[in-house]
Amino acid sequence: MSYLSGENLRGGYGGADILQGCSIDVDRGEIAVIVGPNGAGKSTAMNALLGMLNLSEGKVLLDGRDISDLSPQDRVKEGMAFVPQTNNVFASMTVQENLEMGAYLRRDNYMETMDQIYSLFPILAEKRNQAAGELSGGQRQQVAVGRALMTDPTVLMLDEPTAGVSPIVMDELFDRIVEIKKAGIAVLMVEQNARQALNVADRGFVLVTGENRFTDTGDALLANPDVRRSFLGG
Amino acid sequence: MTEFLNAIILLSNFVIIPALSYGSQLALGALGVTLVFGILRFANFAHGDLMAFGTMVTIFLTWWLQSLGVSFGPLPTALLALPAAIVITALFALLTDRLVYRYYRRIKAVPVVYIVASVGVMFVLNGLVRILIGTEDQLFSDGQKFIIHANDFKQMTGLSEGLSFKVTQGLTIALAVLVVAALFWFLQRTRTGKAMRAYSDNENLALFSGINPDRVVMVTWIIAASLATIAGVLYGLDKSFKPFIYFQLLLPIFAAAIVGGIGQPIGAIVGGYIVAFSEIASTYVYRKFLIYVMPESLEPTGMAQVLPTEYKFAVSFVLLVVVLLVRPTGIFRGKVL
Numbered sequence: 001m002s003y004l005s006g007e008n009l010r011g012g013y014g015g016a017d018i019l020q021g022c023s024i025d026v027d028r029g030e031i032a033v034i035v036g037p038n039g040a041g042k043s044t045a046m047n048a049l050l051g052m053l054n055l056s057e058g059k060v061l062l063d064g065r066d067i068s069d070l071s072p073q074d075r076v077k078e079g080m081a082f083v084p085q086t087n088n089v090f091a092s093m094t095v096q097e098n099l100e101m102g103a104y105l106r107r108d109n110y111m112e113t114m115d116q117i118y119s120l121f122p123i124l125a126e127k128r129n130q131a132a133g134e135l136s137g138g139q140r141q142q143v144a145v146g147r148a149l150m151t152d153p154t155v156l157m158l159d160e161p162t163a164g165v166s167p168i169v170m171d172e173l174f175d176r177i178v179e180i181k182k183a184g185i186a187v188l189m190v191e192q193n194a195r196q197a198l199n200v201a202d203r204g205f206v207l208v209t210g211e212n213r214f215t216d217t218g219d220a221l222l223a224n225p226d227v228r229r230s231f232l233g234g
Numbered sequence: 001m002t003e004f005l006n007a008i009i010l011l012s013n014f015v016i017i018p019a020l021s022y023g024s025q026l027a028l029g030a031l032g033v034t035l036v037f038g039i040l041r042f043a044n045f046a047h048g049d050l051m052a053f054g055t056m057v058t059i060f061l062t063w064w065l066q067s068l069g070v071s072f073g074p075l076p077t078a079l080l081a082l083p084a085a086i087v088i089t090a091l092f093a094l095l096t097d098r099l100v101y102r103y104y105r106r107i108k109a110v111p112v113v114y115i116v117a118s119v120g121v122m123f124v125l126n127g128l129v130r131i132l133i134g135t136e137d138q139l140f141s142d143g144q145k146f147i148i149h150a151n152d153f154k155q156m157t158g159l160s161e162g163l164s165f166k167v168t169q170g171l172t173i174a175l176a177v178l179v180v181a182a183l184f185w186f187l188q189r190t191r192t193g194k195a196m197r198a199y200s201d202n203e204n205l206a207l208f209s210g211i212n213p214d215r216v217v218m219v220t221w222i223i224a225a226s227l228a229t230i231a232g233v234l235y236g237l238d239k240s241f242k243p244f245i246y247f248q249l250l251l252p253i254f255a256a257a258i259v260g261g262i263g264q265p266i267g268a269i270v271g272g273y274i275v276a277f278s279e280i281a282s283t284y285v286y287r288k289f290l291i292y293v294m295p296e297s298l299e300p301t302g303m304a305q306v307l308p309t310e311y312k313f314a315v316s317f318v319l320l321v322v323v324l325l326v327r328p329t330g331i332f333r334g335k336v337l
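Residue numbers (my numbering), protein chains in the order written: chain X, 1 to 234; chain H, 1 to 337.
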């Protein structure tokens with residue numbers, strides 16, 4: 001039984017069902033990656049785990065507990081952190097304030113977590129008093145991940161964290177994400193850059209039209225000729 | 001030299017000091033509008049009448065205190081009534097939110113629905129205030145009248161122009177500075193203030209950070225009602241209280257918020273002073289001033305007034321239109337309405 005799992009998810013945003021019974025799961029200390037063609041329901045699957053759409057079938061389990069009826073905010077309190085693809089920082093607030101807002105619910109001393117984030121992303125320590133909206137795309141992405149980590153989560157969900165950043169920054173972000181999983185956090189991400197993402201993934205889910213097409217370890221998927229031909233460009 | 005000094009004193013007396021105090025009142029009003037816009041994301045047309053409501057409560061409490069023989073020495077008794085009036089007005093604003101706006105938040109209404117709802121609230125408040133206190137002018141300022149009296153000033157300096165500085169003007173400027181400083185400290189330094197800024201910046205992400213939207217909305221109404229009451233009472237003390245005038249204040253207040261950049265607290269303050277100075281400077285009769293500073297051959301024969309006083313509202317309108325045409329986000333890059 002995985003730490004976070006969505007089983008047989010079916011549902012959409014009110015219109016036709018986008019998810020046609022797909023299953024996603026991830027354990028602590030692991031990276032799981034959802035890949036697939038455009039419109040496959042990758043982000044929708046992640047939103048379903050977050051509670052942002054109505055499921056007609058299926059359930060979401062966190063640490064063995066059914067959380068299908070919890071609102072997104074309540075799931076955040078249960079330790080699920082989310083980094084949206086766009087608008088994922090408080091642009092008018094400083095880097096430091098962004099991190100503080102991540103710790104909004106915490107009543108303990110979060111300075112230690114903040115120091116950890118600054119050592120994970122040293123550039124943020126340097127720019128801590130600068131407005132997040134003034135940073136480059138890659139730095140902003142680091143602020144977004146940092147804010148999510150400040151909640152002291154057990155699950156970190158990232159919606160296309162490398163969208164729009166340069167290849168060098170992308171490699172570095174993936175390195176950081178590997179470090180995050182080693183801290184015992186369950187990392188789930190949706191990625192367009194399927195090859196690089198599967199490289200760091202412990203589990204990969206290839207979704208097509210809202211269903212699981214392939215589910216395997218990242219390496220196995222990269223080695224699978226069908227996956228390579230259809231989704232990784234040979 | 002004396003001519004020049006007289007000209008400066010004349011201008012201070014009739015333009016600079018009145019505009020500073022009127023600008024402070026507008027700034028406090030515009031801050032309330034801008035906060036509600038930033039957090040609740042709609043232009044609150046009921047703000048002028050919320051000011052009237054808060055002032056009315058203050059006046060009732062002031063009368064009650066006066067009937068008990070309480071006074072505040074040289075300062076107006078209304079200041080003693082202000083804290084309780086703020087609490088009552090804040091409760092009233094929260095009640096309005098509960099009865100009207102909360103429903104529209106729940107159904108995720110578009111901004112224009114909120115605006116129309118706020119117009120409805122405005123009419124209700126409008127009627128309520130007129131029923132309770134009447135439509136007439138109410139003077140409720142007591143205590144000492146002047147900090148500097150024009151005649152004393154003339155005797156002191158030997159100039160032919162007098163400078164008067166009213167207690168209410170000094171009070172307005174001092175209280176505005178204090179309130180603005182407290183508000184900025186709150187928004188920049190406290191956990192709740194930062195949460196409000198975060199919510200205003202990115203509502204979705206604020207929810208994912210665990211910020212409770214109901215609490216943010218509640219604090220916003222409390223602050224908006226406090227600012228409205230303080231602004232209304234200061235305006236009423238400085239001039240007089242008349243419900244209709246407060247309804248009309250909505251225009252310069254909105255102009256101030258938009259000129260400065262709506263959603264930006266600093267913009268509301270700058271906007272308030274810009275509107276106040278433009279309004280007073282463009283309706284002032286410069287004849288006497290020009291006689292002092294110009295050589296005799298160039299002295300004006302007319303009034304040397306840009307606009308008659310009755311047209312002072314046109315100034316707000318013109319500023320509003322020009323800003324919306326040239327720089328719709330306002331001076332400090334607020335949001336576009």
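Glycine is no exception: its CB is placed at the ideal position from the N, C-alpha and C atoms.
For residue i, which residues from the same chain have a beta carbon less than 8 angstroms from its beta carbon, with the 5 sequence-adjacent residues on both sides left out?
{"i": "H/Phe332", "result": "Gly260, Gly261, Gln264, Ile266, Gly267, Val270"}
{"i": "H/Phe4", "result": "Tyr292, Val293"}
{"i": "X/Ser71", "result": "Gly51"}
{"i": "H/Asn204", "result": "none"}
With a threshold of 7 angstroms on Cβ separation, who are the neighbours of residue i within its own chain once the five nearest residues in sequence on each side are excluded?
{"i": "H/Leu20", "result": "Ile173"}
{"i": "X/Asp202", "result": "Glu30, Ile31, Ala32, Thr217, Gly218"}
{"i": "X/Lys59", "result": "Glu7, Asp66, Ser68"}
Between the alpha carbons of residue i and residue j, how many angstroms are there, rounded?
{"i": "H/Leu207", "j": "X/Phe82", "result": "11 angstroms"}
{"i": "X/Ala91", "j": "X/Asn38", "result": "28 angstroms"}
{"i": "X/Gln85", "j": "X/Val145", "result": "11 angstroms"}
{"i": "H/Gln92", "j": "H/Asn13", "result": "Checking the sequence shown, residue 92 of chain H turns out to be Phe, not Gln. About 38 angstroms."}
{"i": "H/Arg189", "j": "X/Ile31", "result": "37 angstroms"}
{"i": "X/Ala132", "j": "X/Asn88", "result": "10 angstroms"}
{"i": "H/Leu251", "j": "X/Leu9", "result": "53 angstroms"}
{"i": "X/Arg28", "j": "H/Ser226", "result": "49 angstroms"}
{"i": "H/Val129", "j": "H/Val318", "result": "30 angstroms"}
{"i": "H/Ile222", "j": "X/Lys77", "result": "27 angstroms"}
{"i": "X/Ile123", "j": "X/Val169", "result": "12 angstroms"}
{"i": "H/Glu296", "j": "H/Ser160", "result": "18 angstroms"}
{"i": "X/Leu135", "j": "H/Tyr286", "result": "50 angstroms"}
{"i": "X/Phe205", "j": "X/Arg213", "result": "8 angstroms"}
{"i": "H/Ile17", "j": "H/Thr157", "result": "18 angstroms"}
{"i": "X/Arg147", "j": "H/Gly69", "result": "57 angstroms"}
{"i": "X/Lys127", "j": "X/Gln192", "result": "29 angstroms"}
{"i": "X/Thr209", "j": "X/Gly15", "result": "15 angstroms"}
{"i": "H/Val322", "j": "H/Gly272", "result": "16 angstroms"}
{"i": "H/Val302", "j": "H/Lys154", "result": "What sits at residue 302 of chain H in the sequence shown is Gly, not Val. Distance between the alpha carbons of H/Gly302 and H/Lys154: 27 angstroms."}
{"i": "H/Gly334", "j": "H/Phe313", "result": "23 angstroms"}
{"i": "H/Ile9", "j": "H/Leu79", "result": "30 angstroms"}
{"i": "X/Glu100", "j": "H/Phe247", "result": "41 angstroms"}
Measure the beta-carbon distance from residue i to residue j and round it to whole angstroms, keeping in mind my assumption that it falls under 8 angstroms.
{"i": "X/Phe231", "j": "X/Val33", "result": "X/Phe231 to X/Val33, Cβ: 12 angstroms. No contact."}
{"i": "H/Thr89", "j": "H/Phe241", "result": "That belief does not hold up - the Cβ atoms of H/Thr89 and H/Phe241 are roughly 14 angstroms apart, past 8 angstroms."}
{"i": "H/Ala256", "j": "H/Ala27", "result": "7 angstroms"}
{"i": "X/Leu49", "j": "X/Met157", "result": "7 angstroms"}
{"i": "H/Ile211", "j": "H/Ala224", "result": "Not a contact, Cβ separation roughly 19 angstroms."}
{"i": "X/Met244", "j": "X/Gly102", "result": "Because chain X is modelled from 1 through 234, residue 244 of chain X falls outside the range shown and cannot be assessed."}
{"i": "H/Asp238", "j": "H/Gln25", "result": "7 angstroms"}
{"i": "X/Gly21", "j": "X/Ala45", "result": "Incorrect: roughly 11 angstroms between the Cβ atoms, too far for contact."}
{"i": "H/Ile253", "j": "H/Val33", "result": "6 angstroms"}
{"i": "H/Ile39", "j": "H/Met196", "result": "6 angstroms"}
{"i": "H/Tyr22", "j": "H/Ala276", "result": "4 angstroms"}
{"i": "H/Leu125", "j": "H/Ala231", "result": "The Cβ separation is near 15 angstroms, so there is no contact."}
Cutting at 6 angstroms between CB atoms, please list the residues of its own chain near residue i, excluding the five before and the five after it.
{"i": "X/Lys42", "result": "Ile34, Gly36, Val190, Leu207"}
{"i": "H/Val315", "result": "Ser278, Glu279, Ser282"}
{"i": "H/Ser118", "result": "Asn44, Phe45, Ala46"}
{"i": "H/Phe42", "result": "Pro111, Tyr114, Ile115"}
{"i": "X/Glu211", "result": "Gln20, Cys22"}
{"i": "H/Pro300", "result": "Arg287, Leu290"}
How would you list, in chain order, the residues of chain C whose beta-carbon sits under 8 angstroms from the beta-carbon of residue i?
{"i": "H/Ile211", "result": "Included in the structure are the protein chains X and H, with no chain C among them."}
Three or more C-beta pairs under 8 angstroms: does that hold for the segment 108-115 of chain X against the segment 163-174 of chain X? no
Contact between the segment 171-188 of chain X and the segment 214-222 of chain X: three or more CB pairs below 8 angstroms? no
Do the segment 228-236 of chain H and the segment 172-180 of chain X touch if we need at least three Cβ pairs shorter than 8 angstroms? no
Would the segment 56-72 of chain H count as touching the segment 137-157 of chain H if we require 3 or more Cβ pairs under 8 angstroms? yes
Unbroken stretches of the alpha helix (DSSP H), 4 residues or longer, contained in the segment 230-291 of chain H: 243-260, 265-283
Along the chain, which unbroken stretches of the alpha helix (DSSP H) at least 4 residues long are found entirely within the segment 46-98 of chain H? 47-67, 78-96
Just to confirm the assignment: which complete alpha helix (DSSP H) runs, minimum length 4, are found wholly within the segment 128-187 of chain H? 150-157
Curious, which full-length beta strand (DSSP E) runs of at least 3 residues does the segment 18-87 of chain X contain? 19-26, 31-35, 54-62, 80-83
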